[in-house]
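K.L.:
What follows is a structure written as structure tokens; I'll ask about it next.
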Amino acid sequence: MSDSYATESRLPGSLAQLRTAATSVVLPSMLKCDFGHLADQLAMLEEGGAQALHLDIMDGHFVPNLTYGFPLLEAMRKFTKLPLELHLMIDNPGPYLARYRDAGADGMTIHIEAVADPTEALGQIRDLGAEAGLALNPPTPLSAIEPYLDACDVILVMSVMPGFGGQSFEPVAVDKVRQLSGRLSAEQVIEVDGGINDQSIAQCAAAGARWFVAGSAVFGMSDPAAEVQRLTELATKNQA
Ligand code: DX5
Ligand code: ZN
């Protein structure tokens with residue numbers, strides 16, 4: 196048996212390429228995948244045309260839930276060539292960034308609510324050669340991240356309170372995306388995470404978001420990879 200399920204025929208783009216792509220990108224949230232068949236799930240997504248994966252890292256402190264750590268990230272890295280975007284729902288992310296990068300992270304997004312000042316951590320992520328992202332929760336105003344926008348490659352607008360998949364989309368995210376989209380450079384991308392479905396993805400795409408994290412919408416279907424494609428087309432069709 197090969198030690199990798201990744202196919203040689205497909206060469207996925209980097210997160211930097213996806214950030215400036217003309218079309219929308221749907222990133223499956225692996226929180227909802229079948230972990231009993233992880234390698235098969237990764238192969239299915241990669242062969243089915245997914246462009247990048249979103250990994251939800253939770254510490255049981257910043258959010259009231261725990262997910263996976265370094266060994267699982269290393270395992271995923273081994274079985275897919277797709278870019279891995281880490282959503283770090285953890286307090287005090289600084290000391291772990293280099294280890295996440297070594298374990299296979301291509302991008303790391305920290306939360307504004309988890310740090311007093313994100314400047315150092317965002318700079319560290321870029322220095323490590325990864326994409327630097329900053330997330331804000333639904334109740335957090337845009338003014339909280341405004342001073343740090345230049346240090347970001349990705350702005351992650353949460354459309355649910357982080358911690359769990361399967362929650363309902365909070366429309367406050369659409370207004371934030373709309374306000375942000377006029378303020379960013381062409382090199383920066385707005386990502387939305389939580390409760391993404393046909394309606395919310397179309398609204399957020401029209402407001403200016405280009406990356407969409409989808410957990411339940413993708414893994415609740417019998418053919419998750421086909422659902423990634425369908426949602427990607429729907430978002431692209433509705434782009435502002
Ligand atoms: C929530 C996570 C999301 C979540 C998305 O804390 O950040 O990525 O898994 O799942 P759905 O699409 O089910 O809302
Ligand atoms: Zn997430």
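The sequence shown begins at 196 in the numbering used here and counts up by one. Where is the CB? At the ideal position from N, CA and C, for every residue including glycine.
Identify, in the order they occur along the chain, each residue of the same chain with its Cβ nearer than 7 Å to the Cβ of Leu331, setting aside the five sequence neighbours on each side.
P.N.:
Sequence index remark: in the sequence shown, residue 331 carries index 136 (1-based). Cβ neighbours of Leu331 beyond the five flanking positions: Ile307, Ala339, Ile340, Val352 and Met353.
K.L.:
May I ask you to check if the CB of Val408 is nearer than 7 Å to at least one heavy atom of the ligand DX5?
P.N.:
Taking the first residue of the sequence shown as 1, we reach residue 408 at position 213. It does: the Cβ of Val408 is within 7 Å (strictly closer) of some heavy atom of the ligand DX5.
K.L.:
I believe Cys399 touches Val372 by the beta-carbon criterion, under 8 Å. Please report the beta-carbon distance rounded to the nearest angstrom.
P.N.:
Within the sequence shown, numbered from 1, the residue matching residue 399 stands at position 204. Within the sequence shown, numbered from 1, the residue matching residue 372 stands at position 177. Yes, Cys399 and Val372 are in contact; Cβ-Cβ is about 6 Å, under 8 Å.
K.L.:
I think Leu426 touches Ala412, with their Cβ atoms under 8 Å apart; what is that distance to the nearest whole Å?
P.N.:
Your numbering for residue 426 matches position 231 in the sequence shown. Your numbering for residue 412 matches position 217 in the sequence shown. Leu426 to Ala412, Cβ: 7 Å. Contact.
K.L.:
State the start and end residues of the unbroken beta strand (DSSP E) segment that holds Pro223.
P.N.:
Within the sequence shown, residue 223 is the residue found at index 28, counting from 1. Its beta strand (DSSP E) spans residues Val220 to Pro223.
K.L.:
Does DSSP put Ile396 in a helix, a strand or coil?
P.N.:
By 1-based counting over the sequence shown, the position of residue 396 is 201. Ile396: helix per DSSP, three-state reduction.
K.L.:
I'd like to know whether the C-beta atoms of Met239 and Ala421 end up nearer to each other than 8 Å.
P.N.:
The residue given as residue 239 occupies position 44 in the sequence shown. The residue given as residue 421 occupies position 226 in the sequence shown. Their beta carbons are not under 8 Å apart, which means Met239 does not touch Ala421 by this criterion.
K.L.:
Tell me whether Pro313 counts as near the ligand DX5, meaning its Cβ is closer than 7 Å to at least one heavy atom of that ligand.
P.N.:
On the sequence shown, residue 313 is found 118 positions in, with the first residue counted as 1. No; taking the cut-off as 7 Å, the Cβ of Pro313 has no heavy atom of the ligand DX5 nearer than that.
K.L.:
Check each candidate in Val387, Met303, Phe274 and Glu269 and name the one with the smallest Cα separation from Ile285.
P.N.:
For the purposes of this step, residue 285 is taken as the residue at position 90 of the sequence shown. Ranking Val387, Met303, Phe274 and Glu269 by Cα distance to Ile285 puts Met303 first.
K.L.:
Which of the three DSSP states, helix, strand or coil, is assigned to Val423?
P.N.:
Here residue 423 refers to the residue found at position 228 when the sequence shown is read from its first residue. Note: Val423 maps to helix in three-state DSSP.
K.L.:
Any heavy atom of the ligand ZN inside 7 Å of the beta-carbon of His249?
P.N.:
Stepping through the sequence shown from its first residue, residue 249 is reached at position 54. Yes, the beta carbon of His249 sits closer than 7 Å to at least one heavy atom of the ligand ZN.
K.L.:
Do you know how far the Cα of Ile396 is from the Cα of Ser376?
P.N.:
Along the sequence shown, read from residue 1 onward, the residue named residue 376 stands at position 181. Along the sequence shown, read from residue 1 onward, the residue named residue 396 stands at position 201. If you take the alpha carbons of Ser376 and Ile396, they lie about 15 Å apart.
K.L.:
Please say whether Met225 and Leu261 have beta carbons closer to each other than 8 Å?
P.N.:
If you number the sequence shown from 1, residue 261 lands on position 66. If you number the sequence shown from 1, residue 225 lands on position 30. No, they are not a contact pair.
K.L.:
I'd like to know whether the C-beta atoms of Glu269 and Leu248 end up nearer to each other than 8 Å.
P.N.:
As a working mapping, residue 269 is identified with position 74 in the sequence shown. As a working mapping, residue 248 is identified with position 53 in the sequence shown. The answer is no: Cβ separation not under 8 Å.
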